[in-house]
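Everything on this sheet refers to the single structure shown next.
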Ligand SMILES: Cc1cc2nc3c(=O)[nH]c(=O)nc-3n(C[C@H](O)[C@H](O)[C@H](O)COP(=O)(O)OP(=O)(O)OC[C@H]3O[C@@H](n4cnc5c(N)ncnc54)[C@H](O)[C@@H]3O)c2cc1C
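Listed below in structure tokens is the structure:
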């Protein structure tokens with residue numbers, strides 16, 4: 017006989033962890049199914065930015081949603097610390113996107129201007145800093161740095177601690193985390209969803225697909241099109257050094273423990289998770305042009321991981337029309353959006369209705385693009 021829950025969340029990465037925690041907070045009896053160690057897990061390979069700047073060009077509601085998520089990040093961090101004792105090391109001092117040529121600077125300013133001027137976009141302040149102004153805020157920048165853009169909403173945190181805290185808080189709220197439970201098949205029987213996973217079956221009134229790249233396979237039988245593809249990203253971790261960087265940057269940040277992270281590249285290599293040394297070399301070379309002082313700091317480790325990207329790069333949040341009660345939640349910025357997923361999206365799922373303001377995140381927008 018199937019074990020019964022109110023909701024079964026399939027995929028225990030940052031997206032599934034945040035949604036499952038949000039549901040458990042509301043008293044929903046929730047199971048969180050996760051795969052084993054061989055799974056693709058963006059949640060364990062990311063760069064840890066809570067990043068607003070530049071997001072939403074082409075879909076203004078996504079820019080607004082990202083801002084809302086960044087505003088909710090402190091509340092989520094506080095809740096997780098109070099419930100689990102885990103400090104996710106959230107800092108939101110604002111962040112810099114550094115440019116290494118006049119052409120980069122011009123492109124950056126043009127694209128941010130287009131972003132902020134979109135109809136329906138909630139404008140935020142962006143500062144454009146020339147080299148001298150930037151040097152006053154980021155001491156130690158190299159002679160090749162031309163300038164930067166700064167957004168006060170940006171920040172960063174420790175993403176592994178965030179993942180651990182979400183799982184711990186979920187369990188503390190009565191949720192059941194079930195590792196080594198890969199969902200093999202999901203079907204509807206007698207008005208409920210039954211998930212075949214592990215050695216048995218799990219039943220629930222609602223099912224939420226948060227399986228990252230796995231959603232592409234799990235979604236269609238439930239009438240959910242999760243058109244996601246992998247995109248490789250690489251990160252370099254340097255040894256710990258004295259605190260020299262008071263702000264996160266789009267490609268360099270210093271953690272609360274002092275290590276310096278250089279990230280994160282973007283390239284299309286399918287499901288290839290191996291490390292490209294030529295990409296690492298480019299990342300390192302750019303980082304040294306920004307901070308020449310890093311030349312003497314040793315590399316501790318490097319890794320590659322796969323992002324979960326929809327065709328237009330924006331999230332897909334949708335309830336199935338053919339299988340009401342089945343939802344898909346997928347995005348490429350699960351660190352940034354964790355606050356909104358736990359505290360705003362999960363209550364809507366619990367209520368059985370995402371609401372009209374979530375309509376722009378439905379996969380229907382992709383039909384329009386395909387037809388165009
Ligand atoms: C290099 C890199 C840098 C990044 N930097 C940032 C950043 O700075 N800021 C930011 O906001 N985001 C960043 N991201 C994105 C972020 O990591 C992801 O959005 C986030 O991890 C959420 O992913 P997810 O939970 O959807 O997927 P995943 O983390 O991939 O989790 C999916 C989970 O589903 C499980 N699963 C899959 N199939 C099944 C199945 N059939 N049954 C049960 N479980 C299943 C897997 O085991 C896995 O645990 C980065 C990503 C990468 C790769």
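In my numbering, the protein residues as written are 17 to 388. Yeah, the Cβ is synthetic: ideal placement off N, Cα and C, and Gly gets one too. Computed from a predicted model, the values in this text were never measured in an experiment.
Counting C-beta pairs closer than 8 Å gives three or more between the stretch 337-350 and the stretch 206-223, which meets the contact rule. Between residue 39 and residue 23, the C-beta spacing is below 8 Å.
Residue 74 places its beta carbon 8 Å or farther from that of residue 82.
From the listed residues 235, 105, 160 and 80, the smallest Cα separation to residue 140 is found for 80. According to the DSSP secondary-structure assignment, residue 223 is paired through a beta bridge with 24 and 342. For residue 373, the three-state secondary structure derived from DSSP is helix. Residue 324 and residue 228 do touch by the CB rule: their CB atoms are close to 5 Å apart, below 8 Å. For residue 113, the enclosing beta strand (DSSP E) starts and ends at 111-115. Here DSSP, grouped into helix, strand and coil, assigns residue 319 to strand. For the pair of segments examined, the stretch 255-270 was found not to touch the stretch 354-366: the number of CB pairs separated by less than 8 Å stays below three.
Between the C-alpha atoms of residue 95 and residue 89 there is a straight-line separation of about 10 Å. Per DSSP, the continuous alpha helix (DSSP H) segment holding residue 125 begins and ends at 118-132.
Collapsing the DSSP output to three states places residue 283 in a strand. In the three-state DSSP reduction, residue 184 falls in the helix class (H, G or I). Each residue's CA atom was taken as its position, placing residue 372 and residue 366 some 16 Å apart.
Counting along the chain, the unbroken beta strand (DSSP E) around residue 146 starts and ends at 143-146. Per DSSP, the continuous alpha helix (DSSP H) segment holding residue 41 begins and ends at 30-41. Residue pairing by DSSP places residue 199 opposite 213 in a beta bridge.
Across the structure, residue 289 and residue 253 are spaced so that their CA atoms are roughly 17 Å apart.
Per the Cβ contact rule, the stretch 162-178 is in contact with the stretch 132-151 (3 or more Cβ pairs under 8 Å). In this structure the stretch 307-318 does not touch the stretch 184-193; the number of beta carbon pairs closer than 8 Å is below three.
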